[in-house]
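**Student:** Submitted below is the structure of interest, expressed as structure tokens.
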Amino acid sequence: MSEHPTAESGPPERTVGLEIPAEFRFVSMARVAAASLAAELDPAIDDLEDLRVAVNELVGILVEAAKGGTILIRMWIEERTIHVSGRCLGEWAPTEPDQLARRILDATVDHHEIGDGAFRMLTHLSAE
Numbered sequence: 030m031s032e033h034p035t036a037e038s039g040p041p042e043r044t045v046g047l048e049i050p051a052e053f054r055f056v057s058m059a060r061v062a063a064a065s066l067a068a069e070l071d072p073a074i075d076d077l078e079d080l081r082v083a084v085n086e087l088v089g090i091l092v093e094a095a096k097g098g099t100i101l102i103r104m105w106i107e108e109r110t111i112h113v114s115g116r117c118l119g120e121w122a123p124t125e126p127d128q129l130a131r132r133i134l135d136a137t138v139d140h141h142e143i144g145d146g147a148f149r150m151l152t153h154l155s156a157e
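Residue numbering for the sequence shown follows my numbering, beginning at 30 and increasing consecutively.
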């Protein structure tokens, strides 16, 4: 990874922010928020489902890495591309996604980076 993912990038006036406790039961909130934001573009159903799966994987990886605290998630759209980034607020342990998680992410999004208690992903959403 050439630069570390952050949760602060993106156009601030059109960024959706979400801060959740670092617990698995709150991962669904990030999934729903990402799908709701993407729905503005009336994307293909497969793209919407891929986005939900990818956000679930990425936020889940941060929950595993977090030692309590919260996770800050930011989402924004540029044309037909949705960007999602997140980071642990507080202590976290280094973690690497397992082989299955990497395969899922490779299959569902155009680009993803994970490292230093943070992630960043983007994917283009096709029109329905």
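All C-beta atoms, glycine included, are put in the ideal place defined by N, C-alpha and C.
Quick caveat, the model's predicted, so the values are computed rather than measured.
For E157, tell me which candidate among I74, A62, V45 has the shortest Cα-Cα distance.
**Tutor:** The shortest Cα separation from E157 among I74, A62, V45 belongs to I74.
**Student:** Alpha carbon to alpha carbon, what distance is there between I133 and D145?
**Tutor:** Rounded to whole angstroms, D145 to I133 spans 20 Å at the Cα level.
**Student:** V45 and R60 - do their beta-carbons sit closer together than 8 Å?
**Tutor:** In this structure, V45 does not lie closer than 8 Å to R60 by Cβ.
**Student:** Is DSSP giving A110 helix, strand or coil here?
**Tutor:** The question names Ala, yet the displayed sequence has Thr at residue 110. DSSP places T110 in strand when its eight states are reduced to three.
**Student:** Judging by CA-CA distance, which residue of E125, G119, T124 is the nearest neighbour of I100?
**Tutor:** Selected option, being the one with the closest Cα: G119.
**Student:** With burial defined as no fewer than 16 other Cβ atoms inside 10 Å of the residue's Cβ, what is the status of R149: buried or exposed?
**Tutor:** By the 10 Å Cβ count, R149 comes out buried.
**Student:** Look up A51 in the DSSP assignment and give the residues it is bridged to.
**Tutor:** DSSP output for A51 lists no bridge partner at all.
**Student:** How is the beta strand (DSSP E) around A156 delimited, first residue to last?
**Tutor:** Premise fails: A156 is in no beta strand (DSSP E) and is neither H nor E.
**Student:** Let's test the definition: count the other Cβ atoms within 10 Å of the Cβ of P123 and tell me whether it reaches 16, buried, or not, exposed.
**Tutor:** The residue in question, P123, is exposed, as its Cβ has fewer than 16 Cβ neighbours within 10 Å.
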